[in-house]
Every structure is written in structure tokens, then in C-alpha cells.
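Residue numbers (the working numbering): 5 to 115.
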């Protein structure tokens, strides 16, 4: 059963200032490892904006505040974003185009 849906959009260029500090603040340790493997500045901004939008969408879907670094979004073997939050089943989608990143989150609850 769907218990909540969240959506968030982020203007990528807004993350340019203090990008590294923001990455350290909002990314989990594993996400930060992935972020640091990216060589292209634009790709790093897209990654960070996408993760930030996804975590905001998750907050909206779950209607509960969690520490942002406790929400971990990695990719499965096919590249699909997979979310890990204790006690929650959350489906997410992340996209970025030109100067925006958008994410949707669906919180699924056992009926």
C-alpha cells in the first residue's frame, strides 16, 4: 500500500557555492565515496543535486524527519537508484536535465 509520495526539484547551479561542504553534510559515507570518484565538475553537481532532491522527496513522502546522512541512495547493478532507510520500503526516481534535478519518492507500507 502506498503510504506517501514526495517530489522535489533542485536548481543545480545553486549548489555550486560550498559544493564540497554540502556534499560532506548531506551524503552518506558510501555516497561520498561515489561522489569523489566523479572527475567532471558538472557531473558532481548533478549527482549532488539529484541526491539532495531525492532525500527531500523522501522526507516529504515519509512525513518523518531523519538525519539526511542516514538516508543512503546507491545504485543497483542496472544503475537504478536504491534507497536504504531503516524500516522503510522506498522507491525513488532521479533525473537531471540542463540546470535542474528532480526526484520522486514513494513510501510503501505493508497493509
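Even glycine gets a Cβ: it sits at the ideal position worked out from N, Cα and C.
- Task: Go ahead and label residue 99 buried or exposed: buried means 16 or more other beta carbons lie within 10 angstroms of its beta carbon, across all protein chains shown.
- Result: Walking along the chain shown from the start, residue 99 turns up at place 95. Label assigned to residue 99: exposed.
- Simplified DSSP assignment, three categories, for residue 108: Taking the first residue of the chain shown as position 1, residue 108 is located at position 104. Correct three-state label for residue 108: strand.
- Task: Between the Cα of residue 101 and those of 92, 39, 90 and 49, spot the shortest distance and give me the residue it belongs to.
- Result: On the chain shown, residue 101 is found 97 positions in, with the first residue counted as 1. Closest option to residue 101, Cα to Cα, is 49.
- Under the three-state DSSP convention, the category residue 13 falls into: Residue numbering aside, residue 13 sits at position 9 when the chain shown is read from its first letter. Strand, per DSSP.
- Assigned secondary structure, residue 54 (DSSP; H/G/I helix, E/B strand, else coil): Here the question's residue 54 lines up with position 50 in the chain shown. Residue state, collapsed to three classes: helix.
- Query: Quick one: Cα of residue 75 to Cα of residue 37, how far?
  - Reply: Residue mapping note: residue 75 aligns to position 71 of the chain shown, counting from 1. Residue mapping note: residue 37 aligns to position 33 of the chain shown, counting from 1. Their backbone Cα atoms lie some 15 Å apart in a straight line.
- Name the residue from 96, 91 and 114 whose alpha carbon lies nearest to the alpha carbon of residue 83. One-based indexing of the chain shown puts residue 83 at position 79. For residue 83, the nearest C-alpha among the options comes from 96.
- Item | residue 75 - DSSP class collapsed to helix/strand/coil | Here the question's residue 75 lines up with position 71 in the chain shown. DSSP places residue 75 in coil when its eight states are reduced to three.
- Message: Checking 8 Å against the spacing of the C-beta atoms, do residue 59 and residue 30 come in under that value?
- Response: In the chain shown, residue 59 corresponds to position 55, counting from 1. In the chain shown, residue 30 corresponds to position 26, counting from 1. Against a cut-off of 8 Å, the Cβ pair of residue 30 and residue 59 comes out as a contact.
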